[in-house]
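K.L.:
Here it is: the structure, laid out below.
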Amino acid sequence: MSMKKRVGIVLACVMSFAIVISGCGSSSDGTTEFAVGKNAAPEEAGGVYDNAAAEVAEESADYSGGAGEQAQTVTDTSRKLITTVNISAESENLDDTISKLTSKVTELGGYIENSNVYNGSRYSSGQTVRTADYTIRIPADKLDGFIETIENASNITSKSSNVEDVTLSYVDLESKKNALRAEEKSLLGILESAEKIEDILAVQEKLADVRYQLESIESQLRTYDNKVDYSTVYLNIEEVVTYTPTEEKGAFARMGEGFVKSLKSIGHGFKEFFIWFVIHIPQLVLLGIVVFVIVFIVKKSQKKSAAKREAFMRQIGTPENTPPVNTTNEKPEGKDGQ
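To convert, take the position in the sequence shown, counting from 1, and add 668; that gives our numbering.
So this is what it looks like as structure tokens:
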């Protein structure tokens, strides 16, 4: 056999051996990957979570890119604005004002979130201080109409408003929500293919955590939606006799108003006294009877005491018991004087 043939045979054997070794290595690697995917515990084998993490990361990246476009769209078209208004007002008839405002709230599709009507102490003139505090939610697009109703039904003494832009926070929450949805979908797929109990429990635990985060984010989004769709109005109304003047008046105008106010105060005082008198008639009648009985007893006692004193004085001052007083110098007649 020539040298060339021998070299060719050796090379052919080496190549055949290399091909066999390479095939065995590939088969061994495939078996190992399969074992990891099927049987490895969560602590030991990262194959399940590595594959899932890769899928979730890829889908999250897709959602993040979409969220960026969504943020631009929201910024350009419909920003998320939360409007809050604080109003202090006066009313000459609190019940009538409250009735008008509550009717308007219902008409506009809003609702009263909180209310408190307080019947407090009295002014020095006797007028009872009554106030009302309301937290009112009004559709954002109808807020101006409701404020106009307040202005017509009362005298606004102070008003302030605040607008909070939550667009970026809202879009960020939406992005997190989408990423969590993608992760939830991937975990559900892994759960369907998992066979080992340890894998199933680990995936279920992760799935529960993802769903908890989803519920929290969705709750925040609903809160944002409610605050954006319904503006909040904090309203305080105080009942007064006359409205607070909005501008400084001249001396004669102030004197005239003061005089009229004094007359009204006097009239109000008489009215309050009459009301008080009528309300307390039973007590006054009972008090009058008690006073009459006491006076009657005292007078009767005084009469008896005077009669006793007079009788005593008569008794000690009668002529039968008192010897006559000799007012002359004559001596009484006796035996020697006969």
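Where a beta carbon is used, it is the ideal one built from N, C-alpha and C, also for glycine.
This structure is a prediction, so every number in the text was calculated from the model and none was measured.
1. Would you call the CB atoms of residue 758 and residue 906 closer than 9 Å?
2. Answer yes if the region 813 to 826 comes into contact with the region 750 to 768, meaning at least three C-beta pairs across the two stretches below 8 Å, and no otherwise.
3. Rounded to the nearest angstrom, how far is the Cβ of residue 829 from that of residue 751, given a contact under 8 Å?
4. What are the boundary residues of the alpha helix (DSSP H) that includes residue 968?
5. Does residue 874 come out as helix, strand or coil in the three-state DSSP assignment?
6. What are the boundary residues of the alpha helix (DSSP H) that residue 809 is part of?
7. Helix, strand or coil: which one does DSSP assign to residue 827?
8. Identify whether residue 919 lies in helix, strand or coil by the three-state DSSP scheme.
9. Mind checking who residue 798 pairs with in its DSSP beta bridge?
10. Whole angstroms is fine: what's the gap from residue 616's alpha carbon to residue 763's?
11. Could you give the DSSP three-state label for residue 946: helix, strand or coil?
12. For residue 965, count neighbouring C-beta atoms within 10 Å of its own C-beta (all shown protein chains included) and say buried if the count is 16 or more, exposed if not.
13. I need the straight-line Cα distance from residue 815 to residue 832, nearest angstrom please.
14. How big is the Cα-Cα spacing for residue 876 and residue 903?
15. Check whether the region 797 to 806 touches the region 890 to 902, taking contact to mean three or more Cβ pairs, one atom from each stretch, closer than 8 Å.
16. If residue 842 sits next to residue 878, beta carbons under 8 Å apart, how far is it from one beta carbon to the other, in whole angstroms?
17. Just to confirm the assignment, what range does the alpha helix (DSSP H) spanning residue 765 have?
18. Within this structure, are the beta carbons of residue 837 and residue 786 separated by less than 9 Å?
19. Under three-state DSSP, which class holds residue 757?
20. Using the rule of at least 16 other Cβ atoms within 10 Å of the residue's Cβ for burial, across every protein chain shown, is residue 801 buried or exposed?
21. Since residue 906 sits in a beta bridge, which residues does DSSP pair it with?
P.N.:
Let me spell this out:
1. Yes, the pair counts as a contact, with Cβ atoms nearer than the cut-off.
2. Three or more Cβ pairs closer than 8 Å define a contact, and the region 750 to 768 meets that threshold against the region 813 to 826.
3. Going by Cβ atoms, the distance from residue 829 to residue 751 rounds to 7 Å, so yes, they are a contact pair.
4. Per DSSP, residue 968 belongs to the alpha helix (DSSP H) from 949 to 984.
5. Look at residue 874 here: in three-state DSSP terms it is helix.
6. Residue 809 -> no alpha helix (DSSP H), and no H or E assigned at all.
7. Residue state for residue 827 is assigned as strand, using DSSP reduced to three classes.
8. Residue state, collapsed to three classes: helix.
9. DSSP, once it has assigned bridges, lists 787 as partnering residue 798.
10. Not covered by the structure: residue 616. The range shown for the chain is 669 to 1006.
11. Here residue 946 sits in helix by DSSP.
12. Burial is judged here by how many other beta carbons sit within 10 angstroms of a residue's own beta carbon; residue 965 has fewer than 16 and is exposed.
13. Distance between the alpha carbons of residue 815 and residue 832: 19 Å.
14. If you take the alpha carbons of residue 876 and residue 903, they lie about 43 Å apart.
15. As far as the Cβ criterion goes, the region 797 to 806 touches the region 890 to 902, which means the pair count is three or higher.
16. Wrong, their Cβ atoms sit about 16 Å apart, outside the cutoff.
17. Secondary structure note for residue 765: its alpha helix (DSSP H) is the uninterrupted segment 762 to 775.
18. Their beta carbons are not under 9 Å apart, which means residue 837 does not touch residue 786 by this criterion.
19. The answer is strand: DSSP assigns residue 757 an E or B state.
20. Counting the other CB atoms within 10 Å of its CB gives residue 801 a total below 16, which places it among the exposed residues.
21. Per DSSP, 758 and 799.
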